[in-house]
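Asker:
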Amino acid sequence: MTETANVTKQPKISAIWIIPLVALLVGLWMLYQYQANVGPTIYIKMPHAEGIIAGKTEIKVRSVKIGQIDAIRLSDSQDSVIARAQIDKNYDSLLTEDAKIWVVKPRIDETGISGMSTLLSGVYLEFAPGESKKLKERFALQDEPALIGKDVQGGRFQLLSYNAEVLEVSTGIFFKNYKIGQIETATFDWKNQAMKYGIFINEPYQNLITLNSIFWVNAGIEIDLSADGINISTGSLSKLLKGGISVGLPEQQAPGDIAQNGHNFSLSQSYKEALEERFYDFDYYIIDFEQSIRGLRPGAPVEYRGTRIGTVVEAPANIIVNGKPAHFKNHNTAVPVLIKVEYGRLYHDSAAAKEFWQSSLTGWIKNGMRASLKPGNLLTGAVYVDFDIYPDAPKAHLAKLAQYDVFPSISSGITVLADQVSDVLNKVNDLKIEDSLAQMQATFSDYQSLANEMRELLSQPDTQNLPGDFNRNFDKMTKSMEQFEVTMRQFDKTMASYQAGSEFHHQLQQTLLEFKRLSEEIQPLTRGLNEQPNMFIFDKALPADPKPRKQ
Amino acid sequence: MKQLLLIVAALVTLAGCSASIQTATQYYQFEQPIAYSSRNVKDTDAQLRVQTVALRGALNNLGIAMKVDRNQIHAANYNLWGESPDVMLTATAQQTLFNAMPNWMVIKGLPVITEVDQQTFYELEYEVHHFNGDMQGNADISGLWRLYYTHPETGRRLISIHNFSNVVPIDDDGYDGLVATLEKTWLNINLDVAKAIEQARL
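So the protein sequences, as listed, match chains A and B.
Position one of the first sequence corresponds to residue 1 (this note's numbering), numbered consecutively onward.
Position one of the second sequence corresponds to residue 1001 (this note's numbering), numbered consecutively onward.
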């Protein structure tokens, strides 16, 4: 009998390998899932990491968490901190290159108190996405929160300030004391030596900004000292703290066309100056004065019989004729002054005013209209330019100096000044000081006679008896004091009834003694109850007393 | 029938309770008789005020104290003082001193202050640390006393201070014997104090 061997072919790979293979596949799947779920990583450069905690500090957009700081390290140059943050993958589209990041922490400023919730929760980073389509992963932390969110609608304008004080970014823009916007940017144009402010006016108030709007710095407190008296006005508290810019229209003027975005306005130091500086339609004139122009300053008014028509621009005017200053000409000793006639001052329709002025000027000069210097303020010595009709004036006409028209002048100003000084001196003369001195002398003699009468009065017997009256009063006072003493003694007795040895005190002591005795009486009972609490029901079974025995 | 059984059971219980009264409480006091005596201020030279005797801790307990061990004091459960020991000792001291010091106006307890009396006087203060019997058959009264003198010019000042320790064998067994010995000992202490005060008098 032969046996046949049953040969079977074994598979090359054992079935047991299926398990590690499956494990490998699962591991790879998990790795893929993890990688697929991980959002973008961004790096934020910040000057310091105060309050920022890796693994805790969150990045939020409109209070919604979009990521978290997961590592903080010093930059290679060690002058800043680089914070690494993991952003949720759903929000990677927010990481635009013009996005802004700032730290939200408690802040107290003129706009109010904000970020108080971070006192307990710790600071977080607020992320304000921009509008750009380009994304980036490296950001720099802003020092301050973004002033105006991209979703805030409004208009942007430019303010140019040559002489107003420097204002901070975020300073408010006020219309009739109502805040309608704020300064967004503030840069100094060193070439023109002027401040350039970019302002943002919230919707719908940008419609208030019209072409004839005027802007002026509104200090917290304004004191106006004028011939009308002292006028003090204050604004809101925030203005008082940080100042502000006011925008408005000149009085009794209707709003003009609404200004377009980016329109340039000038910023004046005060409302008064703003009113002066708002006339953009004007013509320059030169006036040659054959006299000293001391006291005439740029900005001084140019008036016609008390009505302002223009402003002094330069005194003296820096005009170069043939390479030489116009006021040092050899054949002319006059000093030129540059003025501008502002047509808006003549009539609200400046175009009509300009036409009227220019067409009438020749006739007026022919009739004797001349410019002269007149004293405006005796104390400061300030003078102004006054136009008036002088029928007896020598004939003159409009001349030309460089590109300017030269208006004829008359030297009447200094005479008037002298007259006024003379008037003042005359008034001083009229004060009649001699009479005042005489009156004073009479008053002194009256005082002398009064003193004599007083002396007589004191020497009279009745006056001498006054000490007697005083003594009587003193007796009365002594009696009063005695009565007071009796009262005090009575009070002492009353108080004595509460002192040691008094009846009251004795009774108190007795009561305490009674109380002590009572406590002693119940002493055995309490002690017995302590040892046998059921003593009330069952007979006391306290231990027997030790028996004293004699030796 | 059932009611009868309940009544009988109640009676038996009550009888049982009443039968369990075993020991009666005994009260004790000093025997010292109150003799006739009177004294006027004009017949005396000085005033002595006996302050209430200060007894420490369990000694001022109605239960008569027995020292049963080196450190253990037993306040009796069934043998009690008739009144608070400090009041009793004060009263006895005053009476003893009053009799032993004929030229003194000896008063006790609450200060009887009048505008005249409070000017100049002596004060006696007792601090009793031991006032008990012991298992060796002794009565023990130990402590100290202090004498003060108050004068309007000098104020209150301490004149003398004395410690005393009187451990005296009791005469008879039981609490009667202990109380009698304690009384005798206290009497002797006060007689000694009277002599000492006479000598210490300014």
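Yeah, the Cβ is synthetic: ideal placement off N, Cα and C, and Gly gets one too.
1) Among A:ILE365, A:THR380, A:SER409 and A:LEU398, which one has its Cα closest to the Cα of ASP386 (chain A)?
2) If ILE209 (chain A) sits next to LEU275 (chain A), beta carbons under 8 angstroms apart, how far is it from one beta carbon to the other, in whole angstroms?
3) Indicate the three-state DSSP secondary structure (helix, strand or coil) for SER170 (chain A) in the structure shown.
4) Can you give me the C-alpha to C-alpha distance between PRO524 (chain A) and ASP1176 (chain B), rounded to a whole angstrom?
5) Is the distance from the Cβ of ASN202 (chain A) to the Cβ of VAL152 (chain A) below 8 angstroms?
6) Does the contact criterion of 3 or more C-beta pairs under 8 angstroms hold for the segment 253-262 of chain A versus the segment 331-347 of chain A?
7) Please report the residue range of the beta strand (DSSP E) in which LYS45 (chain A) lies.
8) Spell out whether any CB of chain B is found under 8 angstroms from the CB atom of GLN464 (chain A).
9) Along chain B, which residues have their Cβ under 7 angstroms away from the Cβ of ARG549 (chain A)?
10) According to DSSP, is GLN1094 (chain B) part of a helix, a strand, or is it coil?
11) Given a limit of 8 angstroms on CB to CB distance, which residues of the segment 1065-1079 of chain B reach chain A?
12) If the cut is a Cβ gap below 7 angstroms, which residues of chain B does GLN523 (chain A) touch?
13) Report the rounded CA-to-CA distance for PRO1152 (chain B) versus PHE1121 (chain B), giving the unit in angstroms.
14) Could you give the distance in angstroms between the alpha-carbon of ARG1056 (chain B) and the alpha-carbon of PRO1085 (chain B)?
15) Terminal residues of the continuous beta strand (DSSP E) containing LYS1108 (chain B)?
16) Taking 8 angstroms as the CB-CB limit, is LEU1182 (chain B) close to chain C?
17) Would you kindly work out how many angstroms separate the C-alpha atoms of SER266 (chain A) and LEU159 (chain A), rounded to a whole number?
18) Mapping the DSSP letters down to three states, classify ALA227 (chain A) as helix, strand or coil.
19) When DSSP builds the beta bridges, which residues end up paired with ASP288 (chain A)?
20) In chain order, which alpha helix (DSSP H) runs of at least 4 residues are fully inside the segment 2-37 of chain A?
21) Since THR210 (chain A) sits in a beta bridge, which residues does DSSP pair it with?
22) Return the CA-CA distance between MET495 (chain A) and MET488 (chain A), expressed in angstroms with no decimal places.
23) At the 8 angstroms Cβ level, is GLU514 (chain A) part of the contact set with chain B, yes or no?
24) To the nearest angstrom, how far is the alpha carbon of LYS374 (chain A) from that of TYR390 (chain A)?
25) With DSSP collapsed to three states, give me the class of ILE433 (chain A).
26) Is ASP492 (chain A) close to chain B, meaning its C-beta is less than 8 angstroms from at least one C-beta of that chain?
27) Leaving out five residues on either side along the sequence, give the residues of the same chain with a beta carbon under 6 angstroms from the beta carbon of GLN1047 (chain B).
28) Using a beta-carbon distance below 8 angstroms, is ILE1170 (chain B) in contact with chain A?
29) Per DSSP, what kind of secondary structure is GLU485 (chain A) in: helix, strand or coil?
30) Please look up how many angstroms separate the CB atoms of TYR343 (chain A) and PHE407 (chain A), rounded, as I've assumed it's under 8 angstroms.
31) Leaving out five residues before and five after ILE66 (chain A) in sequence, what residues of the same chain have Cβ atoms less than 7 angstroms from its Cβ?
32) Scan the segment 1141-1170 of chain B for residues whose Cβ lies nearer than 7 angstroms to a Cβ of chain A and list them as they occur along the chain.
33) Take TYR285 (chain A) as the anchor and find which of A:LEU401, A:ILE365, A:HIS263 and A:LYS136 has the nearest alpha-carbon.
34) Go through its chain and collect everything with a Cβ distance to ALA1194 (chain B)'s Cβ below 8 angstroms, but skip five positions before and after it.
35) What do you get for ASP288 (chain A), buried or exposed, if any count of 16 or more other CB atoms within 10 angstroms of its CB means buried?
36) Pick helix, strand or coil for ALA566 (chain A), following the three-state DSSP scheme.
Answerer: In short, the structure shows the following:
1) A:SER409
2) The Cβ separation is near 17 angstroms, so there is no contact.
3) coil
4) 20 angstroms
5) yes
6) no
7) 41-46
8) no
9) GLY1137 and ASP1173
10) helix
11) MET1066, VAL1068, HIS1074, ALA1075, ALA1076, ASN1077, TYR1078 and ASN1079
12) ASN1061 and LEU1062
13) 10 angstroms
14) 11 angstroms
15) 1104-1108
16) The structure shown contains no chain C; its protein chains are A and B.
17) 5 angstroms
18) Its pLDDT being 47, under 50, ALA227 (chain A) is placed unreliably in this model, and the value from its coordinates should be taken loosely. Three-state result, ALA227 (chain A): coil.
19) A:PRO336
20) 18-37
21) A:ILE258
22) 10 angstroms
23) no
24) 14 angstroms
25) helix
26) no
27) MET1105 and PHE1121
28) yes
29) helix
30) Incorrect: roughly 15 angstroms between the Cβ atoms, too far for contact.
31) ILE59, LYS60, ILE87, ASP88, TYR91, LEU94 and PHE127
32) PRO1169 and ILE1170
33) A:LEU401
34) THR1096, LEU1097, ALA1100 and MET1101
35) buried
36) Nothing can be reported for residue 566 (chain A), as the shown portion of chain A is limited to 1 through 551.
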